[in-house]
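Using the working numbering, read the sequence shown as starting at 1 and increasing by one per residue. A virtual CB, placed ideally from N, CA and C, is assigned to each residue, including glycine. Okay, so here's the structure we're looking at.
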Amino acid sequence: MRHNPSRGHARCDGHGAHAGPEWFAGLWHAIGRHRRGHDPFGGGPFGGRGRRGGFGDFGDDGMPRGRQFSSDDLQLLLLALVAEQPSHGYELIKALDTRSNGFYSPSPGMVYPALTYLEEVGFVASQAEGNRKRYALTDAGRAHLDAQRERVDTLFARLTHLARKMEFMRRAFAGEAAGNEAPDEAQPGWLPEFVEARLALKRALLHKSAADADEQRRIAAIMRRATAEIEGGTGA
1 MRHNPSRGHA RCDGHGAHAG PEWFAGLWHA IGRHRRGHDP FGGGPFGGRG
51 RRGGFGDFGD DGMPRGRQFS SDDLQLLLLA LVAEQPSHGY ELIKALDTRS
101 NGFYSPSPGM VYPALTYLEE VGFVASQAEG NRKRYALTDA GRAHLDAQRE
151 RVDTLFARLT HLARKMEFMR RAFAGEAAGN EAPDEAQPGW LPEFVEARLA
201 LKRALLHKSA ADADEQRRIA AIMRRATAEI EGGTGA
């Protein structure tokens, strides 16, 4: 599909990330520096350069920029969501935001022109409800969706993948965001220094997620030594 008015890339607004504390912005920045690692949907933690629809570029504030879903991808996503149930444009934006766990939330300026295009080519039909329109799938839209099923499944798999990564990062850094205490992991009786040491290890490993082979071997050796000391009951 081609849609000239919204040609380009749908904006990834990153709800939750922009409004979060400084540690989350720092995490985005670190991931941006280390996006050479491998990932099933691109070259870095969120997909890398050279991969259509990946998520690998970061702005000056450390937040993700560029390499979002193309306008064609957005049109297919909207079509698939409308196939599940007739929806208003706002509901479709919320659905994408929810499915990506806040990572991908296209703006109304991208969604509504895409819906207009889908209606013009006969893939959806709209019904006015007050000052809003509810969009429903047409037979032509269903046929087009069936023909693009493999691509649609890949797009939704990418959304799920991004949602899991967002949740992983939020959980991994929950302790730092809440005064260095992770409510979902900390156990009664744990000393503050023990909790902080666990969190520091998680942060260090996360920052090394795109390490090269030599660095991975160095880290593995350190972790084996630490594991042996922990299991042997020795300590500083």
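Contact check, residue i vs residue j, beta carbons under 8 Å
i	j	result
Ser105	Leu96	yes
Val121	Ile93	no
Ile219	Ala226	no
Leu162	Phe103	yes
Asn101	Glu167	yes
For residue i, three-class secondary structure by DSSP
i	result
Val195	helix
Ala125	strand
Gly56	Its pLDDT being 39, under 50, Gly56 is placed unreliably in this model, and the value from its coordinates should be taken loosely. If DSSP states are grouped into helix, strand and coil, Gly56 belongs with coil.
Lys208	coil
Arg51	Unreliable placement is indicated for Arg51, whose pLDDT of 34 sits below 50; no coordinate value is reported for it.
Selection from the options that minimises the alpha carbon distance to residue i
i	options	result
Gln148	Gly122, Gly232, Asp72, Glu231	Asp72
Gly141	Ile230, Lys202, Val82	Val82
Arg132	Asn101, Ala143, Arg99, Pro86	Pro86
His144	Arg217, Thr154, Phe123	Phe123
Lys165	Arg134, Arg224, Glu84, Arg99	Arg99
Ala80	Ala200, Tyr90, Ser107, Asp146	Asp146
Leu78	Trp190, Leu115, Asp139	Leu115
Glu84	Phe69, Leu137, Met169	Leu137
Phe69	Val152, Tyr90, Glu91, Leu206	Val152
Leu206	Ala197, Met169, Gly189, Trp190	Met169
Backbone CA spacing between residue i and residue j [nearest angstrom]
i	j	result
Leu76	Ala213	39 Å
His88	Tyr135	6 Å
Gly109	Ile222	50 Å
Glu231	Glu150	48 Å
Asp139	Ser126	14 Å
Leu199	Leu74	37 Å
Ala128	Leu201	55 Å
Pro204	Val195	For the sequence presented, residue 204 should be read as Ala rather than Pro. Taking the straight line from one Cα to the other gives about 14 Å.
Gly50	Gln187	Summary for Gly50: the model assigns pLDDT 34, below 50, so the residue's position carries little reliability, and this model does not support an answer.
Arg217	Ser209	13 Å
Starting from the N-terminal side, write out each stretch of the beta strand (DSSP E) that is 3 residues or longer and does not extend beyond the segment 61-122. none
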